[in-house]
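According to numbering that gives the first Met the number 0, the sequence shown holds residues 0 to 232 in order.
C-beta atoms are modelled at their ideal positions from N, C-alpha and C, and glycine is treated no differently.
Structure record follows, encoded as structure tokens.
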Amino acid sequence: MAARSSEPGRHRLLRLYPGAWRRRYGHELAILLEDRPPTARDRVDLVRGAIDAHLHPIEPLRWPATAAAIAGVVWTAGAAYALGQPSPPDWPGYLIETLPLFAATVPLVWLASLGASTRLGTADPRGLGAARLLLVLGSLAWELLLIRGIVTAWSGPELAIAASILAAGMIVLGLVLLRGGDWPVSGLLVMAGGCLLVPATWSGVAFGLVLTAIGVAQLRMPGPVTPPTMAGR
Numbered sequence: 000m001a002a003r004s005s006e007p008g009r010h011r012l013l014r015l016y017p018g019a020w021r022r023r024y025g026h027e028l029a030i031l032l033e034d035r036p037p038t039a040r041d042r043v044d045l046v047r048g049a050i051d052a053h054l055h056p057i058e059p060l061r062w063p064a065t066a067a068a069i070a071g072v073v074w075t076a077g078a079a080y081a082l083g084q085p086s087p088p089d090w091p092g093y094l095i096e097t098l099p100l101f102a103a104t105v106p107l108v109w110l111a112s113l114g115a116s117t118r119l120g121t122a123d124p125r126g127l128g129a130a131r132l133l134l135v136l137g138s139l140a141w142e143l144l145l146i147r148g149i150v151t152a153w154s155g156p157e158l159a160i161a162a163s164i165l166a167a168g169m170i171v172l173g174l175v176l177l178r179g180g181d182w183p184v185s186g187l188l189v190m191a192g193g194c195l196l197v198p199a200t201w202s203g204v205a206f207g208l209v210l211t212a213i214g215v216a217q218l219r220m221p222g223p224v225t226p227p228t229m230a231g232r
């Protein structure tokens, strides 16, 4: 009989969990899975648990800061290019030639925003779910409309509407993090969302700069921030 492996994460479903989670709980769960092979329902529960472990990390995540910094630099460059034209485009400031750049950056903006929503660690305060929903809906709509614009050489007000949904998610998330004492990241998120809502040609540059600042702030203060008063709420 083959010897039982005590190596955490050997089961392929355990690889879906964050490394910190596997190091802490993977060994015990691996033993349970070897003693009793998971049913189809167990597999669904394991996948759901992995998603929850990523959204409520027990150790700080580094990739949200990287995503925010890269997205901020790229967005600032694209928006500055549009602003520097002899006749800058009206708000929201898109040029047909910059649509591919923004389409490539929106997923990073979403990853940065969603990653910032994990900064409270295992806490699950009120409003966090609503913020995440707005972030997903806004970024998905924004990305699809940008792709449509690339294919059809079109730029319309719907792009501003989609960006406003994402902006609302960032503002709500910032307020949730502010209640959790996560400063200055919370304030920067509110500022970033506000920049997207300002109907001015310079707002795109401001959004990119604030997004870069969010990345820098998270590198300096990795988190997660889990005040005792918010745990379990």
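inquiry  = Taking the beta carbon of T75 as the centre, do at least 16 other beta carbons fall within 10 Å, making it buried, or is it exposed?
reply    = In the sequence shown, counting from the first residue as 1, residue 75 sits at position 76. By the neighbour-count rule (16 or more Cβ atoms within 10 Å), T75 is buried.
query = According to the Cβ coordinates, are P88 and T200 closer than 9 angstroms?
reply = Within the sequence shown, residue 88 is the residue found at index 89, counting from 1. Within the sequence shown, residue 200 is the residue found at index 201, counting from 1. In this structure, T200 lies closer than 9 angstroms to P88 by Cβ.
query = Count the other CB atoms within 10 Å of the CB of P156; is the residue buried (16 or more) or exposed (fewer)?
reply = As a position in the sequence shown, residue 156 is number 157, starting the count at 1. By the neighbour-count rule (16 or more Cβ atoms within 10 Å), P156 is not buried but exposed.
task = State the Cα-Cα distance for the pair E142 and H10, rounded to the nearest angstrom.
result = Locating residue 142 in the sequence shown gives position 143, where the first residue counts as 1. Locating residue 10 in the sequence shown gives position 11, where the first residue counts as 1. Cα-Cα distance, rounded: 35 angstroms.
key: Sequence-distant residues of the same chain with beta carbon closer than 7 angstroms to I69, five excluded per side   = One-based indexing of the sequence shown puts residue 69 at position 70. Here the set comprises L107.
query = Is S190 helix, strand or coil by DSSP?
reply = Within the sequence shown, the letter at position 191 stands for residue 190. Before going on, a small fix: residue 190 reads as Met here, not Ser. M190 falls in the helix class under three-state DSSP.
query = Do you know how far the Cα of P85 is from the Cα of G126?
reply = Within the sequence shown, numbered from 1, the residue matching residue 126 stands at position 127. Within the sequence shown, numbered from 1, the residue matching residue 85 stands at position 86. Approximately 43 angstroms, taken between the alpha carbons.
query = Taking just the CA atoms, how far does R178 sit from V73?
reply = Position 74 of the sequence shown, counting from 1, holds the residue named residue 73. Position 179 of the sequence shown, counting from 1, holds the residue named residue 178. Take the alpha-carbon of V73 and the one of R178: they are about 30 angstroms apart.
query = Leaving out five residues before and five after A166 in sequence, what residues of the same chain have Cβ atoms less than 6 angstroms from its Cβ?
reply = As a position in the sequence shown, residue 166 is number 167, starting the count at 1. When the five nearest sequence neighbours on each side are left out, the beta carbons in the same chain lying within less than 6 angstroms of the beta carbon of A166 are those of G192, L195, L196, in order along the chain.
task = Take the Cβ of T104 as the centre, count every other Cβ of all protein chains shown within 10 Å, and call the residue buried at 16 or more, exposed below.
result = Looking up residue 104 in the sequence shown gives position 105. A buried status is given to T104, since no fewer than 16 other beta-carbon atoms sit within 10 Å of its beta-carbon.
key: Alpha-carbon spacing of P302 relative to S138, whole angstroms   = The shown model of the chain, from 0 to 232, leaves out residue 302, and the question about it has no answer.
ask   = Based on Cα-Cα distance, which residue from H55, R14, A19 lies nearest to D123?
value = Here residue 123 is taken as the residue at index 124 of the sequence shown, counted from 1. Of the candidates H55, R14, A19, the one whose C-alpha sits nearest the C-alpha of D123 is H55.
inquiry  = Let's test the definition: count the other Cβ atoms within 10 Å of the Cβ of A39 and tell me whether it reaches 16, buried, or not, exposed.
reply    = Residue mapping note: residue 39 aligns to position 40 of the sequence shown, counting from 1. That one is exposed.
inquiry  = Less than 9 angstroms between the C-beta atoms of L119 and L176, yes or no?
reply    = Looking up residue 119 in the sequence shown gives position 120. Looking up residue 176 in the sequence shown gives position 177. Contact: yes.
Buried versus exposed, by CB contacts within 10 Å (16 or more), W62 = As a first step, residue 62 must be located in the sequence shown, where it is residue number 63. Looking at its Cβ environment, which holds fewer than 16 other Cβ atoms inside 10 Å, W62 is exposed.
key: Contact belief for A140 with G168 at Cβ below 8 angstroms, rounded distance in angstroms   = Taking the first residue of the sequence shown as position 1, residue 140 is located at position 141. Taking the first residue of the sequence shown as position 1, residue 168 is located at position 169. Not a contact, Cβ separation roughly 12 angstroms.
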